[in-house]
Each structure stands twice: as structure tokens, then as C-alpha cells.
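The structure under discussion appears below in the form of C-alpha cells.
2 protein chains.
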Amino acid sequence: MQEKQLHSGGKILFFNKDYISEFVYGGIDGAITTFAVVAGAEGASLGISVVIILGLANLIADGFSMSVGNFFSTKAERDAYERHRQVEYWEVENLREKEVQEIREIYAAKGFQGELLEQVVGVITADKDVWVDTMMKEELEMVKSDKTPYKTAGMTFISFLIVGAVPLLSYVFVGSGPAIQKDLFLYSCILTAVALAIVGSFKSFVTEKNIFVGIFETLFLGGIAATLAYFVGDVLEKLFL
Amino acid sequence: MQEKQLHSGGKILFFNKDYISEFVYGGIDGAITTFAVVAGAEGASLGISVVIILGLANLIADGFSMSVGNFFSTKAERDAYERHRQVEYWEVENLREKEVQEIREIYAAKGFQGELLEQVVGVITADKDVWVDTMMKEELEMVKSDKTPYKTAGMTFISFLIVGAVPLLSYVFVGSGPAIQKDLFLYSCILTAVALAIVGSFKSFVTEKNIFVGIFETLFLGGIAATLAYFVGDVLEKLFL
Numbered sequence: 506m507q508e509k510q511l512h513s514g515g516k517i518l519f520f521n522k523d524y525i526s527e528f529v530y531g532g533i534d535g536a537i538t539t540f541a542v543v544a545g546a547e548g549a550s551l552g553i554s555v556v557i558i559l560g561l562a563n564l565i566a567d568g569f570s571m572s573v574g575n576f577f578s579t580k581a582e583r584d585a586y587e588r589h590r591q592v593e594y595w596e597v598e599n600l601r602e603k604e605v606q607e608i609r610e611i612y613a614a615k616g617f618q619g620e621l622l623e624q625v626v627g628v629i630t631a632d633k634d635v636w637v638d639t640m641m642k643e644e645l646e647m648v649k650s651d652k653t654p655y656k657t658a659g660m661t662f663i664s665f666l667i668v669g670a671v672p673l674l675s676y677v678f679v680g681s682g683p684a685i686q687k688d689l690f691l692y693s694c695i696l697t698a699v700a701l702a703i704v705g706s707f708k709s710f711v712t713e714k715n716i717f718v719g720i721f722e723t724l725f726l727g728g729i730a731a732t733l734a735y736f737v738g739d740v741l742e743k744l745f746l
Numbered sequence: 506m507q508e509k510q511l512h513s514g515g516k517i518l519f520f521n522k523d524y525i526s527e528f529v530y531g532g533i534d535g536a537i538t539t540f541a542v543v544a545g546a547e548g549a550s551l552g553i554s555v556v557i558i559l560g561l562a563n564l565i566a567d568g569f570s571m572s573v574g575n576f577f578s579t580k581a582e583r584d585a586y587e588r589h590r591q592v593e594y595w596e597v598e599n600l601r602e603k604e605v606q607e608i609r610e611i612y613a614a615k616g617f618q619g620e621l622l623e624q625v626v627g628v629i630t631a632d633k634d635v636w637v638d639t640m641m642k643e644e645l646e647m648v649k650s651d652k653t654p655y656k657t658a659g660m661t662f663i664s665f666l667i668v669g670a671v672p673l674l675s676y677v678f679v680g681s682g683p684a685i686q687k688d689l690f691l692y693s694c695i696l697t698a699v700a701l702a703i704v705g706s707f708k709s710f711v712t713e714k715n716i717f718v719g720i721f722e723t724l725f726l727g728g729i730a731a732t733l734a735y736f737v738g739d740v741l742e743k744l745f746l
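Note that the protein sequences, when read in sequence, are chains A and B.
Numbered by the numbering used here, the letters in the first sequence go through residues 506 to 746 in order.
Numbered by the numbering used here, the letters in the second sequence go through residues 506 to 746 in order.
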């Protein structure tokens, strides 16, 4: 969905939220995915080095995969728009009668009739750009995205890596040894919760909802995912180790 | 971006691709994420049980997290559309002159002028639904999404779990013991490549591109992500284990 201008009451705010949204969803996904690996490894009572190795491997591989996936899907969306627009230009050139009739039907549905309808059809079809633009919005219900694939993918990658690294910080920087591993996990829980709360507050900015709803939703999601990972790790440890 | 009808040359195909797209992106993400855990663990020479435990923990936690994230973002998109529509209805009621002037500017930009422009403005503003619909498409460039959050999230979850389970199949079902672990990894590579190729061919269906482009892009992405994870695991094993 595209939003060139955002409304707030009667005011129009000129503000492009597109890349904040990539930052938010990339960051949430990074933190939750990495924390799931940490929680799963803790549930299975695996060592600190396993947590760090698999956490980092997952962070880099998943961050890469998510960003490239994002690149392809943003590009696919733009390409689809462009391709359909080319088809419409072709149709306007080669299937003129049919396309004139479609404009007539679109404006008849808006309440135009008789001589006025024909005049409107005349003006719209007098300019090929206006004609095609009308077909895109009214017939296909497609709007052009302002997002460029490199920027959406780049923002996703940076956010995924930075926020996604948080659950691993305590393991990497605070000492080692099995004696303090439960402490490290506790620190990781706290730091991850803080990171998710911060990103969650940005999320409420994107969704234009109450800031506490954004924070709560994000923490809740992260909490459930980590709990699932922890207990899967715990149950499987008893089965396999 | 919304596509109610898809063009192919002059033909219009009535076909809703929305949920195929969720299947494709959920499946690719599931397979690549899980395979990254497998490859990272192999790179670090961790045991079969660790691969299974962390692979399954990550599969369930990440599949859950991705689906719920998808639920919130689809819902946020629909809510944003609905909220802006309500604002437009409010403005049409309470800031009538300003909104009439906006319609006048929108149609002037299309090439209408003089008496005809005033008649067009008269017809558009005679029906509040048509009026608001025009403001949504022309001023805000927003179109309504057909996707329901439950369906997009459900399809993402199912696809993530099914396709994402593929990299683990050989570890779960083909015996155990360190002697055959390299074989298990090889089977996992092959099965994952087949799964990614199948989902990649569906992807070309969504992006309307050549099927081999879809397969190649998906395999390439999965291959790079797994290679990254493998070498991160390998390097960190030498540092930590």
C-alpha cells in the first residue's frame, strides 16, 4: 500500500514512512530469530560456544536471506506495476475501442451519464498518460511504489544485524564458563526485551497506533517465540541428549 | 500492491495470486532459515542431535514469529487504509470546500477545464462514496487490500513449517551416529535444493517471470545463505571449540 501523504485529522503530514517500516520489521525479525536460537540452545542446555556459533551463523545467514528476499519481492512489485502499465499502453494503442469502453464503464459507475459521460471519456482518452493512469488505478487497482529495492533491502539488512545482535551481546562480551551461563541468558532476555520494546515503539509510529500497543504486541510476540523455542529445545534435549 | 485482475497481452485472467505469494515467501524463508541452522551446525562440526534440536526449535519459533509478524503487518495495512478512509469521510463532511477544491485540482491535472471541470466536480462530489474513493486513489494513492490477516498468516505458517522441515528430514529419519553425518548433510543439501527449486518455480508464477529465473534466483539465494552460515560456523568453531 502506498501513502504519499499521511492524514492526521484535517492536517496532511509530508513524511515518508516507507523505510522506517523496513527498519521495524527487519529489527523485530532479527531479534526474535536470534533470540529463538539462544532460547532453544538454553532449553537444550547447550554450551555458550554453541549459542554464539549458531546465533552468529543464523544472524548473518538469515539477515542476508531476508534482505535478498526483500530485494526480490520489492523489485517484483515494481516490475509487476511497470509490466501492467506497458500492457495498458499497448492496449490503448491496439485495442482502442475496448479501452474506451472500459473508461466509459468506469465513469458510468461513478454516476456519470449521457452527454457528460461522453465528454469525460473524451478528455480522459485524449491524453494517453492520463488514460493509462486511470486504467491502472481504477481497473487494476495498482499504485506505483516509491520504494527502491536497494534501499528496502539495505535497511532490512542493517536493522536485522544491529537489533538481531542484541540477544548475543551478553554471550560474546560477558566472560565465559558454565557457572554463569544462566546469568548470561538472563542478561540476554533483558537486553532483548529492551531492544524489542524500542523497536516496538517505532512500530506504533508506522502503524499509527498507541505506543504501548506497539511495545506490547512486539514483546508478546518475541516472548511467545522464545518460549516455544526454549521448550522445544528442552523436550528434544530429553529425547536426544 | 493490489491486483484484482491480471493482464496477459489483451486477456484478463481472473485469478487471485495473493496467497500463493505468501506460500512462496513463507516457504523460501522457512527452508533457507532452517538450512542455515543445519549448515552452521555442520560448519561447526556439532552433533546430529544439536542439528535436530536447534533446527526444530528454530523452525517452530521462527515460523510462529514470522506468521504473527505477517498477521500484524497485514492487519496494519488494512487498518491504515480504513483509518485514512474514515478521515476522508470526516473531511468530506466537515471541510467540504477544501475537499471540493482537491477534487477540482485532481481533475484539472487530468486535463479538464472550465464548465466541464465544474460538471465533473459536481458529479464526483454528489456521491460521498465516489468522492472518498477518488480521494483515496488519487490523493493518497492507497488501494484496499483483499488479503485477510488470518489467511496470509495461516498460509505463511503452513508453508514455513512444511518447506522449512525439509532440511531436517534426513537427520530425523535416516539413522544416527557420527559416521554417516556427512551423508546426512549431503542428503539435506539435495532435498533442500529440490524444495527450493519447486517453490522457486511457483515464485516465477507470482512474479510472472521465466520459470528458470525463479528457480535460479531461489537456489542462488539459498546457496549463498547456507554457505555464509557454514563458514561462520566453521570459523567460530576454530575460535571457540
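Glycine is no exception: its CB is placed at the ideal position from the N, C-alpha and C atoms.
Its Cα nearest to that of E596 of chain A, the residue A:K633 stands out among A:V625, A:Y655 and A:K633. For S709 of chain A, the closest C-alpha among the options A:F721, A:A731, A:G659 and A:A698 is that of A:F721.
With contacts defined as CB atoms closer than 8 Å, F665 of chain B and G568 of chain B qualify as a contacting pair.
Interface annotation for the stretch 690-718 of chain B against chain A: K708, V711, T712, E713 and K714, criterion Cβ-Cβ distance under 9 Å. For F617 of chain B, the three-state secondary structure derived from DSSP is coil. Neighbours of V555 of chain A in chain B, taken as residues whose beta carbon is under 9 Å from its own, are A546, A549, L551, V555, L559, F745 and L746 in chain order.
One Cα belongs to S554 of chain A, the other to R583 of chain A, and the distance between them is close to 43 Å. A distance of 8 Å or more separates the beta carbons of V556 of chain A and A549 of chain A. For P654 of chain B, the uninterrupted alpha helix (DSSP H) run begins and ends at P654 to F678, by DSSP. Contact annotation, G560 of chain B with V543 of chain B: C-beta distance approximately 6 Å; criterion of less than 8 Å satisfied. Neighbours of Y530 of chain B across chain A, judged by C-beta separation under 7 Å: G574 and S578. Approximately 7 Å separates the beta-carbon atoms of V648 of chain A and K642 of chain A; this is inside 8 Å, confirming the contact. By the beta-carbon neighbour count (other beta carbons within 10 angstroms, threshold 16), L733 of chain A is buried. Cβ-Cβ separation between F528 of chain B and M660 of chain B: approximately 5 Å, consistent with a contact (criterion under 8 Å).
Taking all protein chains in view, the Cβ of A670 of chain A is crowded by 16 or more other Cβ atoms within 10 Å, so the residue is classified as buried.
The straight-line gap separating the alpha-carbon atoms of F745 of chain B and A536 of chain A is approximately 23 Å. Taking one beta carbon from each stretch, the stretch 623-630 of chain B and the stretch 598-613 of chain B have 3 or more pairs nearer than 8 Å; the two touch. Within the stretch 594-616 of chain A, those residues whose Cβ lies closer than 9 Å to any Cβ of chain B are, in chain order, W595, E596, N599, L600, K603, Y612, A614, K615 and G616. Residues of chain A with a Cβ closer than 9 Å to the Cβ of K642 of chain B are, in chain order, K642, E643, E646 and V648. Nearest C-alpha to I716 of chain B among B:Y692, B:L701, B:G728 and B:G727: B:L701. For P672 of chain A, same chain residues with a beta-carbon under 6 Å away, outside a window of 5 residues either side, are T539, F540, V543, S693 and T697 in chain order.
When the Cα atoms are used, K743 of chain B and Y594 of chain A turn out to be separated by approximately 59 Å. Excluding residues up to 5 positions away in sequence, L689, Y692, S693 and L696 lie with their Cβ nearer than 7 Å to the Cβ of S675 of chain B in the same chain. Chain B places no beta carbon closer than 8 Å to that of V637 of chain A, leaving this residue out of the contacts.
About 6 Å separates the CB atoms of L621 of chain A and Q624 of chain B; that is less than 8 Å, so the two are in contact.
Just so you know, the alpha carbons of R601 of chain A and V635 of chain A end up roughly 14 Å apart.
Under the DSSP assignment, M641 of chain A falls outside any alpha helix (DSSP H); it carries neither an H nor an E label. Assignment of M571 of chain A by DSSP, reduced to helix, strand and coil, places it in the helix class.
Around the beta carbon of V699 of chain A, fewer than 16 other beta carbons lie within 10 angstroms, which makes this residue exposed.
Proximity to V677 of chain B across B:I525, B:I558 and B:V718 peaks at B:I558, based on C-alpha coordinates. Residue nearest to I533 of chain A within the set A:T712, A:G728 and A:G705 is A:G705 (criterion: CA-CA distance). Secondary structure note for A731 of chain B: its alpha helix (DSSP H) is the uninterrupted segment I716 to F745. Contact with chain B is found for I629 of chain A, since one of that chain's Cβ atoms lies less than 8 Å from the residue's Cβ.
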